[in-house]
Each structure stands twice: as C-alpha cells, then as structure tokens.
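Quick note on numbering: numbering that gives the first Met the number 0 labels position 127 of the sequence shown as 126, and the sequence is numbered without any gaps. Every residue gets a Cβ at the ideal spot worked out from N, C-alpha and C, and that includes glycine. Okay, structure first, notes after.
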Amino acid sequence: MTKGTIYIVRHGMTEANKLKSFQGNHDIPLNEEGLRQARALAEHFKDIPLDAVYSSPLQRAYKTAEILAETKNLSVNKVYDLREICFGAWEGVDYEEVQRRWPEEQYKFLNCPSQCRPEGGETMQGVQKRVHDAFAKILAAHDNYAQIAIVMHGGAGRLLLCDFLGLPIDRMWKITLGNCSVTTINNWDGNMVLEGFNDHHFLPDSGDFLKSFLALQKK
C-alpha cells in the first residue's frame, strides 16, 4: 500500500523565543540560530521527497519554509489561517510580565487554556477551528499519496495536533513542539496515523516555550 506523508514543522528560533516573550501575530524574523536550524532542517530533508510546502505567512515560519523549499525547487504556499495564536495585549511581553500583569488569565492559559482569552486576543477554540480548516483544505488539494510539509507555530501546532488526536484543548501543554521540530503524519489511503513526533535530532537543543513557562511556576 502506498502512503502519503504530512510533515508538521515548527519554525526556527527567534529572538522572542530566546528572550521568552509572546510573539503571536507579531511578525518577528528568525535569529541567527533560527536560520542555522532552518538550514539543518533543509539538510535533514535532503533525501526525503516533497511535493508541496505550505506555510503560515508570518516571516519566521515563511523563511523556515522557504529555506526548505529551495532545496526541492518548490515554491512556498502561504496559508493565512496557519498563523500563530493572536495573544493581543500579551504580544511582545515576556512570560514573567504576563504573569505579573494578568495572573488569572495566565493561570488559565497554562492550566485550562480552553477558558483563556488574552486581552484583545483569540480563543483557543477559534484558533483550533481555523488551523483544522486550513489543514483540511491542504489535504483536499492533493491526493492521498502526496508528500507535504506544513510550517507553522508552536501554539497553533499544538492545537492542530490536539484536534488530530482527539485530545481536549486543555491537554495542549502536554505536547512539546521544539523550534524546527518535525512531526510526521502518514496518510494510508485517507487513514491518517501519527508516526513521528517532535523530531529534532538533527538540531542542537534550543529549549521550548513550555519548558520556559513551567520554570516560572517553580519560582
């Protein structure tokens, strides 16, 4: 039986990742480490066939996708609904400041995100629906044997995987997606199966949003 494969890729590192601040829809570029990660990602895919590359329009994801796509002589298809969660007033603010200024909402965000809506931001339910719909449209544009890379974001990616796995939104922080990690979904004639998860063996360890946030809870 021939299978297709969908690779869910998180973008490379940015200075906001490094400084532990919320990015959301702020259009922040990759930093030097993120560019190195993206090049390592492209090298990892050197012998892995791809038919199409899709990306969030935010430049940290798009640049990661572009570096990958260039090695395959492919263009990058921008999909607006793959963008990160809009964090509203939290965007550009570091984790400790969010904890100080919005303690109740920050608690909900970390412990019961289905009940969290940052000031001026999106609900997790709304984000999950748009990434679900974007994923479905991408699949519908290809046959079941296509090899597809989708480059997106940590929060939105977790919500997509919760939807795919049938997990409640409140379990999203039980999922880790490191910068430039690859999560692999096989498509067996329309039967979608998770095969690989958060693979970043080809990268140096660069930390993760959730690890940083959990560390704050211990202070």
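Contacts around residue i, its chain only, beta-carbon distance under 8 Å, and the 5 residues preceding and following it disregarded
i      : result
Cys161 : Gln127, Pro167, Ile168, Arg170, Met171 and Ile174
Asp80  : Arg129, Val130, Asp132 and Ala133
Asp198 : Ser180, Val181, Thr182 and Thr183
Met12  : Leu29, Asn30, Glu32, Gly33, Gln36, Asn178, Cys179 and Ser205
Check whether residue i and residue j have beta carbons under 8 Å apart
i      : j      : result
Phe196 : Ala39  : no
Ile68  : His10  : It should be noted that the sequence gives Ala, not Ile, for residue 68. No, the pair does not count as a contact, with Cβ atoms beyond the cut-off.
Val181 : Ala133 : no
His25  : Glu96  : no
Glu14  : Asn30  : yes
Gln58  : Pro102 : no
Nearest-angstrom Cα separation, counted from residue j out to residue i
i      : j      : result
Val192 : His131 : 16 Å
Trp187 : Gly33  : 33 Å
Pro117 : Glu104 : 7 Å
Lys19  : Thr1   : 42 Å
Arg100 : Ala37  : 34 Å
Ile66  : Arg35  : 10 Å
Asn178 : Gly156 : 11 Å
Phe44  : Gly165 : 29 Å
Tyr106 : Lys62  : 33 Å
Gly23  : Leu158 : 14 Å
Cys111 : Gln124 : 12 Å
Lys136 : Ile7   : 15 Å
Phe163 : Phe108 : 21 Å
Asn16  : Pro56  : 18 Å
Phe21  : Tyr94  : 7 Å
Gly119 : Arg82  : 16 Å
Gln114 : Gly87  : 16 Å
Collapsed DSSP secondary structure at residue i in the structure displayed
i      : result
Ala140 : coil
Ala145 : coil
Met123 : helix
Gly113 : The question names Gly, but residue 113 in the sequence shown is Ser. In the structure shown, Ser113 sits in a helix (DSSP, three-state: H, G or I).
Gln216 : Reliability of the predicted coordinates at Gln216 is poor, the pLDDT of 47 falling under 50, and the value obtained from them is presented with this limitation in mind. Helix at Gln216.
Phe196 : strand
Trp187 : strand
Ser205 : Low confidence applies to Ser205: its pLDDT is 47, below 50, so where it sits in the model is not reliable, and the reading given next is rough at best. If DSSP states are grouped into helix, strand and coil, Ser205 belongs with coil.
Val78  : coil
Thr63  : helix
Asp132 : helix
Gly3   : strand
Val97  : helix
Met151 : strand
Residue i Cβ short of 7 Å to the ligand ATP heavy atom set
i     : result
Glu95 : Inclusion of the ligand ATP in the displayed structure is not the case, the ligand content being empty and no account of it being possible.
Cβ shell of residue i (< 6 Å), same chain only, five flanking positions each side left out
i      : result
Glu121 : Ile84 and Cys85
Ala64  : Val52, Ser54, Val75 and Val150
Lys71  : Leu49
His141 : none
Leu73  : Val52
Cβ shell of residue i (< 7 Å), same chain only, five flanking positions each side left out
i      : result
Gly189 : Asn143
Ile5   : Ile147, Ile149, Ile184 and Asn186
Gly3   : Asn143, Tyr144, Ala145, Gln146 and Asn186
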